[in-house]
Amino acid sequence: MNTPEHEEHTGLIQDGGSFVKDQDHCKSSTTPVLEVGRLSRTYAGADHPAVNDISFALNRGECLGLVGESGCGKSTLARCLLRIEDSDTGSIVLGGQDIARLNGRRLRPHRRKIQIVFQNPAAALNPKLKIADSLIDPYEQLGRDIKLSHFAYTSKDAYVRQLLDAVELPSELAERYPHELSGGQRQRVTIARAIGIEPEVVVLDEPTASLDVISQGAVLQLLTDLRTSLGLSYLFISHDLAAVHRMSQRIIVMREGQIVDRFGADMLLAEERHPYTKELISIF
Ligand SMILES: Nc1ncnc2c1ncn2[C@@H]1O[C@H](COP(=O)(O)OP(=O)(O)OP(=O)(O)O)[C@@H](O)[C@H]1O
Numbered sequence: 001m002n003t004p005e006h007e008e009h010t011g012l013i014q015d016g017g018s019f020v021k022d023q024d025h026c027k028s029s030t031t032p033v034l035e036v037g038r039l040s041r042t043y044a045g046a047d048h049p050a051v052n053d054i055s056f057a058l059n060r061g062e063c064l065g066l067v068g069e070s071g072c073g074k075s076t077l078a079r080c081l082l083r084i085e086d087s088d089t090g091s092i093v094l095g096g097q098d099i100a101r102l103n104g105r106r107l108r109p110h111r112r113k114i115q116i117v118f119q120n121p122a123a124a125l126n127p128k129l130k131i132a133d134s135l136i137d138p139y140e141q142l143g144r145d146i147k148l149s150h151f152a153y154t155s156k157d158a159y160v161r162q163l164l165d166a167v168e169l170p171s172e173l174a175e176r177y178p179h180e181l182s183g184g185q186r187q188r189v190t191i192a193r194a195i196g197i198e199p200e201v202v203v204l205d206e207p208t209a210s211l212d213v214i215s216q217g218a219v220l221q222l223l224t225d226l227r228t229s230l231g232l233s234y235l236f237i238s239h240d241l242a243a244v245h246r247m248s249q250r251i252i253v254m255r256e257g258q259i260v261d262r263f264g265a266d267m268l269l270a271e272e273r274h275p276y277t278k279e280l281i282s283i284f
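UniProt numbering puts the first residue of the sequence shown at 1, with every later residue one more than the last.
The following block contains the structure:
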């Protein structure tokens, strides 16, 4: 597939305010790790598809930003990519394999390769499980058959300690329950859960929306550091255009289920932007 996302981009936005990128800290290749082709999903009884004929590629090591107003289909797209929901048509090629129609045992080996961090960490963590047990769960479900390259599973305690360390949390938190952590700490735990089985792609669905401004900045920085150190690829979904710009090398804009604009992050303020992108910039 040769989509416009494969275009290279370099340089900085020479403009003021929150949209200035201070450095191109984000190195990525042009080898796609995820290729989405003509994906559509219509909910029963709906007049319009929630996701309508969407195609894009995510390159290895890249952060691709996805912005659009509430209800445009971002989360539906995320759930389809994770195979939490079925798409009606289209392909989801992950590491060379189309997983869109795989099920059961045939899907299982591919589940590890794509993980998600949701907006609300309180809902994402089982309140009855200690943090250590929440962290170990994905490994026990999906990771036992794989050889980890960044983390080592020598014992449950050692593995949990490494994950907590990776997200800059003290190991004492392992024995606590989710309600005994702050919101920022809980979100770091959900990030650790997502990366602990070393996925190829992490979908970040509004990962900082429930956090205060200071925690938001710290979590975004952590995510950027992890992407670099673990070689992860992100689809970063957010309403927050400044955060998307800060995190991403390329940005796609969704409206009413469709992609209406796509560009290198350094071209966010360029004259040729779609009128809808300009509207989003102006209201932000
Ligand atoms: N389970 C569902 N059943 C029926 N319709 C749904 C369901 N989930 C979402 N929708 C509809 O699909 C459309 C896209 O919703 P979606 O949640 O994907 O948007 P979004 O861009 O993620 O919104 P937000 O930013 O508010 O989370 C909306 O019209 C929504 O009402």
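The beta carbon of each residue, even a glycine, is placed where N, CA and C say it ideally should be. Quantities reported herein were computed from a predicted structural model and do not represent experimental measurements.
Item to check | Identity of the residues DSSP links to Gly65 by a beta bridge | outcome: DSSP lists Phe236, Ile251 as partners of Gly65.
Next on the checklist: Closer than 8 Å is the cut-off here; do at least three beta carbon pairs connect the region 56-64 with the region 72-82?
Outcome noted: Short answer: they don't touch.
Checklist entry - Can you find a heavy atom of ligand 1 that lies under 8 Å from the Cβ of Cys63? => result No, the Cβ of Cys63 stays beyond 8 Å of every heavy atom of ligand 1.
Checklist entry - What are the boundary residues of the beta strand (DSSP E) that Gln258 is part of? => result In this chain, the beta strand (DSSP E) harbouring Gln258 covers 258-264.
Checklist entry - Cβ of Tyr159 versus every heavy atom of ligand 1: is any distance shorter than 8 Å? => result Result no, Cβ not under 8 Å from ligand 1.
Checklist entry - Would Ile251 count as contacting chain D if we go by Cβ distances under 9 Å? => result Absence of chain D from the displayed structure is noted, only one protein chain being present.
Checklist entry - Smallest Cα separation from Ile251: which of His239, Ala242, Gly264, Ala243? => result When each option's Cα is compared against that of Ile251, the closest is Gly264.
Checklist entry - Cα separation between Met254 and Glu69? => result Roughly 8 Å between the two C-alpha positions.
Checklist entry - Per DSSP, which one or two residues make a beta bridge with Arg41? => result Secondary-structure assignment with DSSP links Arg41 through a beta bridge to Val51.
Checklist entry - DSSP on Val203, reduced to helix/strand/coil? => result Val203: strand per DSSP, three-state reduction.
Checklist entry - Heavy atom of ligand 1 less than 8 Å from the Cβ of Thr190, yes or no? => result Taking non-hydrogen atoms of ligand 1 into account, the C-beta of Thr190 is found less than 8 Å away from none of them.
Item to check | Coarse secondary structure for Pro109, derived from DSSP in three states | outcome: Secondary structure at Pro109: helix, using DSSP grouped into helix, strand and coil.
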